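Undergrad: Residue numbers (my numbering), protein chains in the order written: chain A, 174 to 753; chain B, -10 to 278. The structure is given below, and queries will be raised subsequently.
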Amino acid sequence: MITRIHPIVIGALLLLSATVAQAQDVPTLFLHGFNGSADTWAAAIARLESQLEIAPQSTDLPWQQRYGDQAAVVQSSFRTLPARTIVIGHSNGGVVAREWSRIRTRALAGIVTLGTPHQGVPILKNLSYFTFYNEALANGINGMYYEFSSCLANPSEYYPNEFFCPWANDLYYGGLDSALDTAEALLASSPRAIAETLGLTVGAPVFTEMMPGSAYLTGLNSTDTLPHERSLVGTRIAIVSQAYHWDRAGYLRLWLSPQDADAIYLGIQATAALLDAVSGIVLSHADPYDTHATGAATQMNFIANQLRGADGVWCNVVTNFRCEPNDIVVPESSQGAWDDGVWSLTISAGPVHTREAGDSDATIIQALTNLLNVPPRPASDGGGGSGGGSSPYVGCFTDDGNRALPVELGTGHTIESCIQAAAQSGYAYAGLQYYGYCFAGNAIGYAQVGDSECNTPCDANSSELCGGVWRNSIFVTGSSSSSPPPPPPPPDGYYGCYSDTEQRALPADFGPGYTIESCRAVVRNSGYAFAGLQYGGYCFGGSSIGYDKLSDGACDMPCAADPSEICGAAWRNSIYSTAP
Amino acid sequence: MTVTRLFATALALSVCLGVAGARLGAAAQQPAGFPTDWNTFSADFTVRTQQMSSDEGARVFVNPGTRFHVERSLAASGGWKTVTTMLGVDPFIYDDHGKRVEADHNPVARIEDDGDGSPVRIIGKNGKPIPLFSPELQKQWIAKLKDFGIQPLSQLPATDQSLRGSIARPSGREWVAELVDSRTAAERHADTRRRFGDPHGQERGFDHYMSFAYGRRTDVLTEPATGLLASIDTYENNALVMHSTFTWVQGPGSTFIRKSTHTERSINPQMRVAVDVALSNVTLERRTR
């Protein structure tokens, strides 16, 4: 059930939600970002609530107001939420969550930020640069159009040579008209379109606070403030989102077609090549005295150059001229951990910024289950009021030879038969791949990608999709025996020595050469709860301990990188908690 | 520095002539040294582009070179089929901070134009056609353009589909005269006078012609001995908006083959683009199909 809280009816709705949600469900408050509303999270909340024992809350924030004012609204509505509450904030909602923790008197179990600009939004101060680029492109397009339209409308008047105008006529309707529309679509990615998409209303009070280096952000991240935040928030997690092909066609994906990165990119490159080729032919073939032909050709070349350079311009605008990974709006460095002890989970090949709240389920689940100990909701539980109609589908994920879901359950499966087989084997997740190969495991594994990459129909039921080439369609099995909450870590973080097999107990393989601490760190950064060291320093990560516990003496190989430490043995894992 | 001064500097540096020889008449359209019944033209092109800030001369984007092989062949339909094969795209461009930006993502192998008015085909390196954009995406974009109050240029009256095919398509070989000039010096001088009238005098050793038409002033310099075109400057509202220079090389027989074209054009008061097109391996041949 989605509980939307508005300040006026806060008391009644809190009471209602308390009666619907089950007692053990973890209160989880979802805060939206710029230009959003409580609806921004609605679909994701429905899915997450069906899979996790959470009691979700959300609200409409006055997102144009200063962070302090937004946090005051949250405080007014949710001051009574208990200390085991988790807050998940997308984009600016993450900053609001942190601001709320400053004014709230009770503790919070955790804050999870997603695509949040902890260090500000460079695009705000660089839009003028994009404007300059955009205006030049507009001039080029208008110039090319002028030359073509002059030719097409008055061929005999302007062109003594018989080459350019007829050829232009053919070419224009044979592809250049599309090229012009393409360039024009790029042009329409004007600061105005971008601003409208992002809700960058001129004069919004929060603007000054969102600027990189603003007094507000400096204060939020200062050593005067952070100790208080640390003391009140149990676990802090920054989900860093890198959009799929973050360096490609960002401006167009943002406001036009977020899911079409490859098609847009390919089309733009093809358009540039076409314009270049035509330009070269016209400049060499046309009557040199035909200044319209020469003018059109140079404008074509200019537009081609602008098209090729557009990705670089946008990347610079977004990242303050560093061109680092980003989610098309916020650079990775701004989204990342803002303090020591903040966990960082990275989504690679993820959605664009404006889609993050709806398309990041897997990583949010990873954060909540592995790092905040939120239990999965048993299948028989009606999802806390969601009606049981929610899909168990988690998303499309990459795989490789070191299987993300280590247990193979054969081929020829349908979605239903694979979920059933995985559930019967006691695993939390089922993965279908390449026409019906079925895998099972307790961790989702690798990177989430667009659903379109899971595109092979199931051989056993062609109306269903069963993953793709090295792509798993991942489903929650709902097995009540699966994914038990991880046992509390022992004081020294060491769980013991455990057996392993070729079906790795900890499926994420980080390679050899690790010490205990370096392995724990790398596994922690990947969002897993358990790190395993094996055979002198091979490092593995996973969300469950796996196989049989052995005596500590069974793990007796010194770590190659630090012989004073023990790093498992052959087919033996020394298993540690990844908690800091 | 003004745009005009920059262009003038470029002209002083780029004029490159000094070739001479006898020519065939343009009307013959059969350059000496080539088969008279040639049906295939081919050449290699290199296109280099620079965008420069007009006020400081700073480079904005530089595309060091895109290389093509172009082949135009007479089709059975009487039109000229053009196949442009991409030979390579230099791997880097530079942004205005001087940073190299990787650009060699060119997915195009060749571009085919049947010369009969049908859409051009863009073929990818994998041998499959590349649509510029899917009709669905195009439709979506056009709708979005209209949302923002922008009229898609392809739908404006001056270029809409109703004009398609309204201009006769050339089927002769006359176009090759712009690349392979077979005329005599006297014929070139006569042609220039027909277009511009008598020369206004000499400038830097070249014959200087001028014309005014349709709001544009055109200044032309030709090489006195050969009559070959050296440069064209175009002014609008008394401002130099485009400047082109040409170089030629001696071809087979008494022909001159265009070697390169350098064109600078003002995009707006702050920016101009310079395009260099270099030709090599120009051939005219008879091929059996």
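Glycine residues also receive a C-beta, built at the ideal position from the N, C-alpha and C atoms. Predicted, not measured: the structure shown is a model, and the values here were computed from it.
Rounded to whole angstroms, what is the Cα-Cα separation between glycine 161 (chain B) and glutamate 101 (chain B)?
TA: The straight-line gap from Cα to Cα measures roughly 20 Å.
Undergrad: Looking at C-alpha atoms only, which residue of A:Asp721, A:Gly262, A:Glu589 is the closest neighbour of leucine 638 (chain A)?
TA: Minimum Cα distance to leucine 638 (chain A) is reached at A:Glu589.
Undergrad: Answer with buried or exposed for asparagine 478 (chain A), where buried requires no fewer than 16 other C-beta atoms within 10 angstroms of its C-beta.
TA: So asparagine 478 (chain A) ends up on the buried side.
Undergrad: Quick one: measure Cβ to Cβ for tyrosine 671 (chain A) and asparagine 746 (chain A), integer angstroms, because I've assumed they're closer than 8 Å.
TA: Right, their Cβ atoms sit about 5 Å apart.
Undergrad: For valine 515 (chain A) versus isoleucine 410 (chain A), is the C-beta distance shorter than 8 Å?
TA: In this structure, isoleucine 410 (chain A) lies closer than 8 Å to valine 515 (chain A) by Cβ.
Undergrad: Taking the alpha helix (DSSP H) that cysteine 692 (chain A) belongs to, which residues open and close that run?
TA: Counting along the chain, the alpha helix (DSSP H) containing cysteine 692 (chain A) begins and ends at 689 to 698.
Undergrad: Quick one: is leucine 164 (chain B) near chain A, going by C-beta distance under 8 Å?
TA: The question names leucine, but residue 164 (chain B) is tryptophan in the sequence shown. Tryptophan 164 (chain B) counts as touching chain A.
Undergrad: Between glycine 568 (chain A) and proline 630 (chain A), what straight-line distance do the alpha-carbon atoms span, to the nearest angstrom?
TA: When rounded, the distance between both Cα atoms is 15 Å.
Undergrad: For the region 257 to 267 of chain A against the region 479 to 499 of chain A, do three or more pairs of beta-carbon atoms, one drawn from each stretch, fall closer than 8 Å, so that the two count as touching?
TA: With a cut-off of 8 Å, the region 479 to 499 of chain A and the region 257 to 267 of chain A do not count as touching, because too few Cβ pairs lie within range.
Undergrad: Arginine 177 (chain B) bridges to which residues according to DSSP?
TA: In DSSP, arginine 177 (chain B) forms no bridge with anything.
Undergrad: For the region 209 to 226 of chain B, which residues have a beta carbon sitting closer than 7 Å to at least one beta carbon of chain A?
TA: Those would be Leu218, Ile221, Thr223, in chain order.
Undergrad: Leucine 188 (chain A) to asparagine 394 (chain A), Cα distance in whole Å?
TA: Confidence is the limiting factor: at leucine 188 (chain A) the pLDDT is only 33, short of 50, which leaves the residue's position unreliable, though a coordinate-based value still follows. Approximately 35 Å, taken between the alpha carbons.
Undergrad: Expressed to the nearest angstrom, what Euclidean distance is found between the alpha-carbon atoms of glycine 741 (chain A) and phenylalanine 570 (chain A)?
TA: Approximately 30 Å between the Cα atoms of the pair.
Undergrad: Interface residues of chain A around arginine 206 (chain B) at Cβ under 8 Å?
TA: Residues of chain A passing the Cβ test: none, with the nearest at roughly 10 Å.
Undergrad: I want to verify the contact list: residues of chain A whose CB lies under 8 Å from the CB of asparagine 257 (chain B), in sequence order.
TA: The contacting residues are Glu308, Ala309, Asn312.
Undergrad: Please name the residue, chosen from B:Arg261, B:Thr272, B:Leu268, B:Ala202, that lies closest to threonine 38 (chain B) on a Cα-to-Cα basis.
TA: Ranking B:Arg261, B:Thr272, B:Leu268, B:Ala202 by Cα distance to threonine 38 (chain B) puts B:Arg261 first.
Undergrad: Short check: CB of isoleucine 718 (chain A) to CB of tyrosine 687 (chain A), under 8 Å?
TA: Contact flag unset, no.
Undergrad: Would you mind sorting glutamate 272 (chain A) into buried or exposed? The rule is 16 or more other CB atoms within 10 Å of its CB.
TA: That one is buried.
Undergrad: Answer yes or no: do threonine 751 (chain A) and phenylalanine 713 (chain A) have a C-beta to C-beta separation smaller than 8 Å?
TA: Taking 8 Å as the Cβ cut-off, threonine 751 (chain A) and phenylalanine 713 (chain A) do not qualify as a contacting pair.
Undergrad: In this structure, what does DSSP give as the bridge partners for histidine 58 (chain B)?
TA: Beta-bridge pairing links histidine 58 (chain B) to B:Asp33, B:Thr74.
Undergrad: So does the region 277 to 291 of chain A actually touch the region 219 to 228 of chain A, counting three or more Cβ pairs closer than 8 Å?
TA: Segments in contact, no.
Undergrad: Where do the N-terminal and C-terminal ends of the alpha helix (DSSP H) with asparagine 265 (chain A) fall, by residue?
TA: Where asparagine 265 (chain A) is concerned, the enclosing alpha helix (DSSP H) stretches over 265 to 276.
Undergrad: Starting from the N-terminal side, write out each stretch of the alpha helix (DSSP H) that is 4 residues or longer and does not extend beyond the region 370 to 408 of chain A.
TA: You should have 379 to 383, 388 to 393, 399 to 405.
Undergrad: Please report the residue range of the beta strand (DSSP E) in which asparagine 257 (chain B) lies.
TA: Asparagine 257 (chain B) -> beta strand (DSSP E) spans 245 to 257.
Undergrad: Would you mind telling me which residues of chain A sit closer than 9 Å to methionine 231 (chain B), beta carbon to beta carbon, in chain order?
TA: The contacting residues are Thr464, Thr467, Gly468, Thr471.
Undergrad: Over what stretch of residues does the beta strand (DSSP E) that includes glycine 440 (chain A) continue unbroken?
TA: Per DSSP, glycine 440 (chain A) belongs to no beta strand (DSSP E); it is in the alpha helix (DSSP H), 434 to 458.
Undergrad: Is the CB-CB distance between valine 490 (chain A) and asparagine 208 (chain A) below 8 Å?
TA: The answer is no: Cβ separation not under 8 Å.
Undergrad: Taking the alpha helix (DSSP H) that valine 491 (chain A) falls in, what are its first and last residues?
TA: Residues 464 to 492.
Undergrad: What's the gap between the Cα of tyrosine 600 (chain A) and the Cα of threonine 650 (chain A)?
TA: Approximately 7 Å, taken between the alpha carbons.
Undergrad: For alanine 228 (chain A), go through chain B and note every residue whose CB falls closer than 9 Å to its CB, in chain order.
TA: Residues of chain B passing the Cβ test: none, with the nearest at roughly 39 Å.
Undergrad: Can you name the residues of chain B whose CB is closer than 9 Å to the CB of glutamine 606 (chain A)?
TA: Result: empty, since nearest Cβ-Cβ is about 24 Å, beyond 9 Å.
Undergrad: Would you check if there are 3 or more beta carbon pairs closer than 8 Å linking the region 303 to 320 of chain A to the region 530 to 545 of chain A?
TA: Cβ pair count under 8 Å is below three, so no.
Undergrad: List the endpoints of the continuous beta strand (DSSP E) containing glutamine 606 (chain A).
TA: It spans 602 to 606 - the beta strand (DSSP E) in which glutamine 606 (chain A) sits, taken as one unbroken run.
Undergrad: Hey, would you say isoleucine 592 (chain A) sits closer than 8 Å to proline 565 (chain A), going by beta carbons?
TA: It is a contact, given that the beta carbons lie within the stated cut-off.
Undergrad: Starting from the beta carbon of histidine 765 (chain A), find every residue of chain B whose beta carbon is closer than 7 Å, and list them in chain order.
TA: Within the shown structure, residues of chain A are numbered from 174 to 753, placing residue 765 (chain A) beyond reach of any answer.
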